[in-house]
Amino acid sequence: MQARSQFKKGLTAGLPIMLGYIPIAITYGVLAQQAGLSLFELTSMSVLVYAGAAQFMGTNMLAIGAGSIEIVLATFVLNFRHFVMSLSFMHQARDFPLRWKAPLTLGLTDESFSVASIEVKPTKQEKGYYFYGAIFLEAYLSWVVGSLLGGMLGDVMPESISQSLGIALYAMFIALLIPSVKTNVRYAIIAILAMLSNYSFNPFIQEGWAIVIATILASFFGTFIIRREK
Amino acid sequence: MPTLFIITLMAVVTAIPRLMPAFIIERVKFPTWIGRWLEVIPYAALGALIFPGILTVVPERPYIGLVGGVAAIILALFRVHIVLVVLGASVVVYFVL
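Residue numbers (the numbering used here), protein chains in the order written: chain S, 10 to 239; chain D, 62 to 158.
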């Protein structure tokens, strides 16, 4: 019973991810098909790689005939930020058994990490892993089903709708950040610092590294201010 | 190289960085200060994910993302449910487009 209620709570928490993922996944499906991938190939990429930005980049590189080593290396660089997020989430979920921790990490994306890491309480609750499992599964299935739909049906969504839903995940990130910022100014400083450093690194290094370095620097500085205040 | 093989390699190099921390946490006991560092990573990550990416919602018109972002901030400040923040910001962007 505990497991069921945790699972249900997780599905509710993951709802905004679903809302944001389906239109992007449909767009991915459409673009991947135009890039010459078969329905099986483009869906396999969503099932196996499960990383939005890397999939857009990958299909694009396949279409222009980039070398395979180049594609794989670029994917690694772009997705390495998940290592930092996973380390943070695993620290948060350190009391979970490994048989839950390991599969959970495979469901980590920018969005599932954001929702899961703001919801700290279930890590200390009985069968809290069902809560995170539900968020991650919901996000994963939305992504896979959305790509399949995009690849099958093609451009079904009017451009104005898919463009306006382009703000969805950013709005979700903002909605996750604001309540914490209101309770603790330090979090606001950390977030703004990350924004500014990401913005200033962006023109010089690849986007993947810019996010990694900005996140590490801003959070490191954040622990420093916390320590100084103690 | 067949496309499916490239996709498989993409999956491997994506999965390894995601999976490794599960085993690192099992074996390594971090000192408190690293624990505190890991605990504030979500706020830094959120910041880096929001900006400057939000400017690319409509790449040729960066202000569109800013308008949607401001709408999301206002809605979130009023403690509106997160799903409604997402929908509200999307509606605002729909009308500014």
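All C-beta atoms in this analysis are idealised placements derived from N, C-alpha and C, irrespective of residue type, glycine included.
Nearest residue (CA-CA) to residue i, options the options
i              : options                           : result
Y149 (chain S) : S:G175, S:Q15 and S:P112          : S:P112
M166 (chain S) : S:Q134, S:Y37, S:Y141 and S:S14   : S:Y37
T224 (chain S) : S:L117, S:S151, S:V154 and S:A200 : S:A200
K191 (chain S) : D:V157, D:Y155 and D:F139         : D:F139
T69 (chain D)  : S:A12, S:E50 and S:G76            : S:E50
Q11 (chain S)  : S:G67, S:P131, S:V93 and S:R103   : S:P131
I134 (chain D) : D:A150, D:E121 and D:I125         : D:A150
P212 (chain S) : D:F156, D:I86, D:M62 and D:G114   : D:G114
E48 (chain S)  : S:V153, S:P106 and S:R13          : It should be pointed out that residue 48 (chain S) corresponds to Leu in this sequence rather than to Glu. If we check each option's Cα against that of L48 (chain S), S:V153 comes out closest.
I26 (chain S)  : S:S228, S:A197, S:L174 and S:E79  : S:L174
K17 (chain S)  : S:Y141, S:S151, S:L162 and S:N193 : S:Y141
L28 (chain S)  : S:G163, S:S151, S:S14 and S:I80   : S:S151
F229 (chain S) : S:Y196, S:D164 and S:Y208         : S:Y196
Y208 (chain S) : D:F112, D:V144 and D:A83          : D:F112
V129 (chain S) : D:E100, D:P78 and D:F84           : D:E100
P58 (chain D)  : S:R103, S:T68 and S:I78           : Absent from the model: residue 58 (chain D). The displayed extent of chain D is 62 to 158, so no value can be given.
I85 (chain D)  : S:I176, S:G231, S:F92 and S:I214  : S:F92
I125 (chain D) : D:M62, D:F66, D:R79 and D:V157    : D:V157
L145 (chain D) : S:M161, S:L24 and S:D164          : S:L24
G61 (chain S)  : S:P32, S:L82, S:G163 and S:I78    : S:P32
Q15 (chain S)  : S:F145, S:N193, S:M66 and S:V81   : S:F145
L80 (chain D)  : S:R108, S:G231, S:L226 and S:L162 : S:R108
N193 (chain S) : S:Y30, S:G231, S:M161 and S:E168  : S:G231
R13 (chain S)  : S:G160, S:G163 and S:A143         : S:A143
I77 (chain D)  : S:G67, S:V81 and S:I234           : S:V81
P106 (chain S) : D:E87, D:H142 and D:F66           : D:E87
L46 (chain S)  : D:F66, D:L136, D:V152 and D:L116  : D:F66
I176 (chain S) : D:H142, D:F91, D:L116 and D:V141  : D:L116
I214 (chain S) : S:I198, S:Y30, S:A83 and S:G116   : S:A83
Nearest-angstrom beta carbon gap, residue j and residue i [assumed within contact, 8 Å]
i              : j              : result
V86 (chain S)  : A72 (chain D)  : Rounded, the Cβ-Cβ distance is 15 Å, inconsistent with contact.
S156 (chain S) : A34 (chain S)  : 5 Å
L20 (chain S)  : E147 (chain S) : 6 Å
V118 (chain D) : V154 (chain D) : 7 Å
T118 (chain S) : S95 (chain S)  : Their Cβ separation, rounded to whole angstroms, is 11 Å, which puts T118 (chain S) and S95 (chain S) out of contact at 8 Å.
A88 (chain S)  : T75 (chain D)  : The amino acid occupying residue 88 (chain S) in the given sequence is Asn; Ala does not appear at that position. About 5 Å; that satisfies the 8 Å criterion.
S55 (chain S)  : M62 (chain D)  : About 20 Å separates the two Cβ atoms, so there is no contact after all.
G160 (chain S) : T52 (chain S)  : 6 Å
Distance cut-off 7 Å: residue i Cβ against heavy atoms of the ligand ADP
i             : result
I35 (chain S) : With respect to the ligand ADP, the structure shown offers nothing to examine, as it has no ligands at all.
Across the stretch 121-133 of chain S and the stretch 92-99 of chain D, are there enough close Cβ pairs to call them in contact, namely three or more that are closer than 8 Å? no
Taking one C-beta from the stretch 213-221 of chain S and one from the stretch 180-188 of chain S each time, how about it: are there three or more such pairs within less than 8 Å? Contact fails between the stretch 213-221 of chain S and the stretch 180-188 of chain S, because fewer than three Cβ pairs, one in each stretch, are under 8 Å apart.
Determine contact between the stretch 121-138 of chain D and the stretch 176-183 of chain S, defined as no fewer than three beta-carbon pairs at a distance below 8 Å. yes
When you compare the stretch 123-142 of chain S with the stretch 37-51 of chain S, are there three or more beta-carbon pairs, one atom per stretch, that lie closer than 8 Å? no
Considering only residues of the stretch 119-145 of chain S, which uninterrupted alpha helix (DSSP H) runs meet the minimum length of 4 residues and lie entirely inside it, listed in chain order? 119-127
Would the stretch 57-76 of chain S count as touching the stretch 93-109 of chain S if we require 3 or more Cβ pairs under 8 Å? no
Cβ contact (3+ pairs, closer than 8 Å) linking the stretch 196-215 of chain S and the stretch 102-116 of chain D: Contact between the stretch 196-215 of chain S and the stretch 102-116 of chain D is present, because at least three Cβ pairs lie under 8 Å.
Give, in chain order, every unbroken run of the alpha helix (DSSP H) that is at least 4 residues long and sits entirely within the stretch 75-117 of chain D. 93-111
Entirely enclosed alpha helix (DSSP H) segments - the stretch 153-236 of chain S, minimum 4 residues: Counting only runs of 4 or more, we get 168-173, 177-192 and 194-210.
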